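Some notes on the structure that comes next.
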Amino acid sequence: MPSTSASAPPAPFLSDDHAYEALKSHDLRFDGKLFVGVTSTGIYCRPICRVKLPQQRNCRFFGNAALAEQAGFRPCLRCRPELAPGLALSDSVRSLAHAGAHWMAQQIAHGQPTSVPALAAHLGVSERHVRRIFDEVHGVSPLAWATTQRLLWAKRLLTDTRLSMAEVARSSGFGSVRRFNAALAEHYHLTPSAIRRRERPAPDAGGASLSGAALLRLPWRAPYDADAMQSFLAARPLAGVEAWAEGRWWRTLRLQAAGKTHVGWLALSFDVARGECSAEVSASLAPALGQVAQMLRHLLDLDTDTHAIDAALNQAPLRPLPGLRIPGCVDGFETTVRIILGQQITVAAACTLTARLVARWGDTVETPLAGLNKLFPSPAALLAASSEEMGALGVIRTRTTAIKALAEAVLSQQLVLAPGQPLAPTLTALKTLPGIGEWTAQLVALRVLAWPDAFPASDAGVLKALGSIKPPEALAQAKAWQPWRGYATLRLWHGLTMPPLESESP
Numbered sequence: 001m002p003s004t005s006a007s008a009p010p011a012p013f014l015s016d017d018h019a020y021e022a023l024k025s026h027d028l029r030f031d032g033k034l035f036v037g038v039t040s041t042g043i044y045c046r047p048i049c050r051v052k053l054p055q056q057r058n059c060r061f062f063g064n065a066a067l068a069e070q071a072g073f074r075p076c077l078r079c080r081p082e083l084a085p086g087l088a089l090s091d092s093v094r095s096l097a098h099a100g101a102h103w104m105a106q107q108i109a110h111g112q113p114t115s116v117p118a119l120a121a122h123l124g125v126s127e128r129h130v131r132r133i134f135d136e137v138h139g140v141s142p143l144a145w146a147t148t149q150r151l152l153w154a155k156r157l158l159t160d161t162r163l164s165m166a167e168v169a170r171s172s173g174f175g176s177v178r179r180f181n182a183a184l185a186e187h188y189h190l191t192p193s194a195i196r197r198r199e200r201p202a203p204d205a206g207g208a209s210l211s212g213a214a215l216l217r218l219p220w221r222a223p224y225d226a227d228a229m230q231s232f233l234a235a236r237p238l239a240g241v242e243a244w245a246e247g248r249w250w251r252t253l254r255l256q257a258a259g260k261t262h263v264g265w266l267a268l269s270f271d272v273a274r275g276e277c278s279a280e281v282s283a284s285l286a287p288a289l290g291q292v293a294q295m296l297r298h299l300l301d302l303d304t305d306t307h308a309i310d311a312a313l314n315q316a317p318l319r320p321l322p323g324l325r326i327p328g329c330v331d332g333f334e335t336t337v338r339i340i341l342g343q344q345i346t347v348a349a350a351c352t353l354t355a356r357l358v359a360r361w362g363d364t365v366e367t368p369l370a371g372l373n374k375l376f377p378s379p380a381a382l383l384a385a386s387s388e389e390m391g392a393l394g395v396i397r398t399r400t401t402a403i404k405a406l407a408e409a410v411l412s413q414q415l416v417l418a419p420g421q422p423l424a425p426t427l428t429a430l431k432t433l434p435g436i437g438e439w440t441a442q443l444v445a446l447r448v449l450a451w452p453d454a455f456p457a458s459d460a461g462v463l464k465a466l467g468s469i470k471p472p473e474a475l476a477q478a479k480a481w482q483p484w485r486g487y488a489t490l491r492l493w494h495g496l497t498m499p500p501l502e503s504e505s506p
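Numbering (full-length UniProt numbering), first residue to last: 1 to 506.
Structure (structure tokens):
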């Protein structure tokens, strides 16, 4: 039975009365930050759940799903807590605990085991310190946190895919069907087959509609500027690899899972009314669905709480653009190559150059969309490519050298380009490569490493938006925007595409 003792407030600024008001109003701002356990049913929900409002005396409020499950509550089958936005990694005060939770989420997404010793080694602290910060920030142990995330991911796979029980167990990191069944029985008092029977997705919110594709639903943390994100993606088309068609963004993918390479495609759409993105993912990528979900959350910056950012950046010359997010990346190597090719030329010209590399060295893949038939070239393919042939495609020698050096560093694992990697060592290693300077490094920090304070001071668009000033002046002006200079950069870029405000000269 669920615990009936009063819980700690879900957040430092929320009392139980305020939490109940958020539940009554279905406040989107608290989705992923607040969960309510109902003692009369033993179920916990998101604040946006549309079930009958429980009486406040029956409500227990929690700051995360692991706390609710530790208290004995089971996840709601209607609002599905596993779909709630995740933790934002930009919280400077709690960054270490959040980085630990992010690392475990990545491990789970890859179907890999997690342990306190491995987590402590990754964070560079003691096991005792890891346990202390998890208890202080999340209110649960690292093991309890990881178990909750594995169970919620498994529940999502049971609901939204037709993977076998063995595949679900393996993809959620339980190792065997026996351990998977035992965990579900202990925590949810349900069998996998019972969850699958009870949670058949509705026609408009789940199921497969394209060649056996699985549907991933990815709610965002409001407010979210979906138009700006779509505009950013649309302005950087990569022929053969990406396309806009049928109101969706299509993309080919190559992913590694359980030691195997999986290739396929996804079709992404934005649903503002629901406050979420949805991605139909090819059946060939089913073993890597966890990676796809993590990749899309990073690409679309779905988990950031922008209220503090918007308040801090609501100053001239930045425009008030609530919910504007930093576009991440699908693959760190690919995005870094594209940034290198974009040095000192326009976005359109960079897309043309990149498309030539794709056409020449990208492997072929089958998709349902005509023209979407190439994978981005692998590091091995670009390292083996002839410098003369790259030059014949229009890639100048300095960029050819930089791309080859980058490919070699990635293949040797001297350089790991992914969210959550340590910032300073990664940028230092990157800038030791020929042809890679501060501008390239800052854009990699912004889009690949998800560093919210990245600032490409020499970027032509940034300088133009600031009145055609010099880079040192831009750096001085940007001090006022710390630690959110990355989000300020997006505002400056976006402002170049917007009509003047009424207070500005035409």
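C-beta atoms are modelled at their ideal positions from N, C-alpha and C, and glycine is treated no differently. These numbers come from a predicted model, not from an experiment.
For a test of the three-state rule: what should DSSP assign to Lys260, helix, strand or coil? By one-based count along the sequence shown, residue 260 stands at place 260. The DSSP-derived three-state label of Lys260 is strand.
Specify the secondary structure class of Ala99 as computed by DSSP and reduced to three states. In the sequence shown, counting from the first residue as 1, residue 99 sits at position 99. Three-state DSSP puts Ala99 in a helix.
Identity of the residue in Ala392, Asn181, Leu266 nearest Leu215 by Cα: Taking the first residue of the sequence shown as position 1, residue 215 is located at position 215. With distances taken between Cα atoms, Leu215 lies closest to Leu266.
Across the region 305-323 and the region 383-394, are there enough close Cβ pairs to call them in contact, namely three or more that are closer than 8 Å? Under the 8 Å Cβ criterion, the region 305-323 does not count as touching the region 383-394, having fewer than three qualifying pairs.
From Ala312 to Trp481, what distance separates their C-alpha atoms? Your numbering for residue 312 matches position 312 in the sequence shown. Your numbering for residue 481 matches position 481 in the sequence shown. C-alpha separation (whole angstroms): 7 Å.
Am I right that Gly240 and Leu372 are in contact with their C-beta atoms under 8 Å? What's the rounded C-beta distance? Here residue 240 refers to the residue found at position 240 when the sequence shown is read from its first residue. Here residue 372 refers to the residue found at position 372 when the sequence shown is read from its first residue. Confirmed, about 7 Å.
May I ask which residues mark the beginning and end of the alpha helix (DSSP H) holding Glu389? Position 389 of the sequence shown holds residue 389. Here the alpha helix (DSSP H) through Glu389 covers 387-392.
I'd like to know if the region 407-422 and the region 445-464 are in contact, where contact means that at least 3 CB-CB pairs between them fall below 8 Å. The answer is yes - the region 445-464 touches the region 407-422, with three or more Cβ pairs under 8 Å.
Option nearest Gly175 by Cα separation, candidates Ala154, Asp160, His122, Arg162: Indexing the sequence shown from 1 puts residue 175 at position 175. The residue with the shortest Cα to Cα distance from Gly175 is Ala154.
Cβ-Cβ separation, Ala213 to Ser282 (assumed contact under 8 Å), whole Å: Taking the sequence shown and counting its residues from 1, one reaches residue 282 at position 282. Taking the sequence shown and counting its residues from 1, one reaches residue 213 at position 213. That belief holds up - the Cβ atoms of Ser282 and Ala213 are roughly 6 Å apart, short of 8 Å.
Does the distance from the CB of Ala228 to the CB of Leu299 come in under 8 Å? Taking the first residue of the sequence shown as 1, we reach residue 228 at position 228. Taking the first residue of the sequence shown as 1, we reach residue 299 at position 299. Pairing Ala228 with Leu299 gives a Cβ-Cβ distance that is not under 8 Å.
Anyone know if the C-beta pair for Arg46 and Pro81 falls short of 8 Å? Position 46 of the sequence shown holds residue 46. Position 81 of the sequence shown holds residue 81. Contact check for Arg46 against Pro81 passes: the beta carbons are separated by less than 8 Å.
Whether or not the region 145-159 and the region 235-254 are in contact is what I'm after, with contact meaning three or more pairs of Cβ atoms, one per stretch, closer than 8 Å; do they touch? Output reads no: the region 145-159 does not touch the region 235-254.
Coarse secondary structure for Glu280, derived from DSSP in three states: Counted from its first residue, the sequence shown places residue 280 at position 280. Residue state, collapsed to three classes: strand.
Pick helix, strand or coil for Phe455, following the three-state DSSP scheme. By 1-based counting over the sequence shown, the position of residue 455 is 455. Phe455 falls in the coil class under three-state DSSP.
Could you name each continuous alpha helix (DSSP H) segment of 4 residues or more that falls completely within the region 259-342, going from the start of the chain to the end? If we require 4 residues or more, the alpha helix (DSSP H) runs fully inside the region 259-342 come out as 289-299, 307-312, 332-341.
By a C-beta neighbour count over all protein chains shown, 10 Å radius and 16 as the cutoff for buried, is Lys428 buried or exposed? Residue mapping note: residue 428 aligns to position 428 of the sequence shown, counting from 1. Sequence check: residue 428 is Thr here, not Lys. Counting other Cβ atoms within 10 Å of its Cβ, Thr428 stays below 16 and is therefore classed as exposed.
When DSSP labels each residue in this structure, what does Pro201 get in the three-state scheme? If you number the sequence shown from 1, residue 201 lands on position 201. For Pro201, the pLDDT reaches just 47, beneath the cut-off of 50, and the residue's location in the model is therefore unreliable, leaving the point undetermined.
Option nearest Ala402 by Cα separation, candidates Thr336, Val462, Ala457, Gly362: Translated into positions along the sequence shown, residue 402 becomes position 402. Comparing Cα positions, the closest option is Thr336.
Just to confirm my understanding: we take His187, look at its own chain, exclude 5 residues before and 5 after, and list those with CB closer than 7 Å. What are they? Start at 1 with the first residue of the sequence shown, and residue 187 comes out as number 187. Once the five neighbours on either side are set aside, the close Cβ partners of His187 are Glu69, Leu151.
Would DSSP call Asp20 helix, strand or coil? By one-based count along the sequence shown, residue 20 stands at place 20. Residue identity differs from the one stated: residue 20 is Tyr in this sequence, not Asp. Residue state, collapsed to three classes: helix.
Taking DSSP as the reference, what is the three-state secondary structure of Asp91? Translated into the one-based positions of the sequence shown, residue 91 becomes position 91. Residue confidence is low: Asp91 scores 43 on pLDDT, short of 50, so the model does not pin down where it sits. Its coordinate-derived value is still stated next. The answer is coil: DSSP assigns Asp91 none of H, G, I, E or B.
Under 8 Å, do Phe232 and Pro327 count as touching if we go by C-beta distance? Along the sequence shown, one-based indexing puts residue 232 at 232. Along the sequence shown, one-based indexing puts residue 327 at 327. Against a cut-off of 8 Å, the Cβ pair of Pro327 and Phe232 comes out as a contact.
Quick one: grab the DSSP three-state call for Pro379. Translated into positions along the sequence shown, residue 379 becomes position 379. Here Pro379 sits in helix by DSSP.
Cα-Cα separation between Leu466 and Arg485, rounded to whole angstroms: If you number the sequence shown from 1, residue 466 lands on position 466. If you number the sequence shown from 1, residue 485 lands on position 485. It is roughly 14 Å from the alpha-carbon of Leu466 to the alpha-carbon of Arg485.
Could you please give me the residues that DSSP links to residue 509 through a beta bridge? Summary: the structure shown does not reach residue 509, with the chain confined to residues 1 through 506, and so no result is reported for it.
Compute the Euclidean distance between the alpha carbons of His262 and Trp361, then round it to the nearest angstrom. As a working mapping, residue 262 is identified with position 262 in the sequence shown. As a working mapping, residue 361 is identified with position 361 in the sequence shown. Whole-angstrom Cα-Cα distance: 18 Å.
Between Val36 and Leu23, how many whole angstroms is the CB-CB distance? I'm expecting something under 8 Å. Taking the first residue of the sequence shown as 1, we reach residue 36 at position 36. Taking the first residue of the sequence shown as 1, we reach residue 23 at position 23. The C-beta separation of Val36 from Leu23 comes to about 6 Å, placing the pair in contact by the 8 Å criterion.
Residue nearest to residue 508 in terms of C-alpha spacing, selected from Ala245, Glu246, Pro287, Ala279: An answer regarding residue 508 cannot be provided, because it is not within the stretch 1 to 506 covered by the chain.
7 Å Cβ shell around Val93 - same chain, five flanking residues per side excluded: In the sequence shown, counting from the first residue as 1, residue 93 sits at position 93. With a pLDDT of only 33 at Val93, under the threshold of 50, the placement of this residue in the model should not be trusted; the figure read from the coordinates follows. Its chain contains no residue whose beta carbon lies nearer than 7 Å to that of Val93 once the 5 sequence neighbours on both sides are disregarded.
Evaluate the contact criterion for the region 132-144 versus the region 177-186: three or more CB pairs, one atom per stretch, below 8 Å. Judged by Cβ distances under 8 Å, the region 132-144 makes no contact with the region 177-186, as fewer than three pairs qualify.
Please name the residue, chosen from Lys431, Leu255, Lys52, Thr367, that lies closest to Glu242 on a Cα-to-Cα basis. Counting from one through the sequence shown, the residue named residue 242 turns up at place 242. Looking at the Cα atoms, Thr367 is the closest of the given residues.
DSSP has residue 564 in a bridge; who is on the other side? Only positions 1 to 506 of the chain appear in the structure, and residue 564 is not among them; the question remains open.
Helix, strand or coil for Arg248, going by three-state DSSP, please let me know. As a first step, residue 248 is located in the sequence shown; it is residue number 248 there, counting from the start. Arg248: strand per DSSP, three-state reduction.
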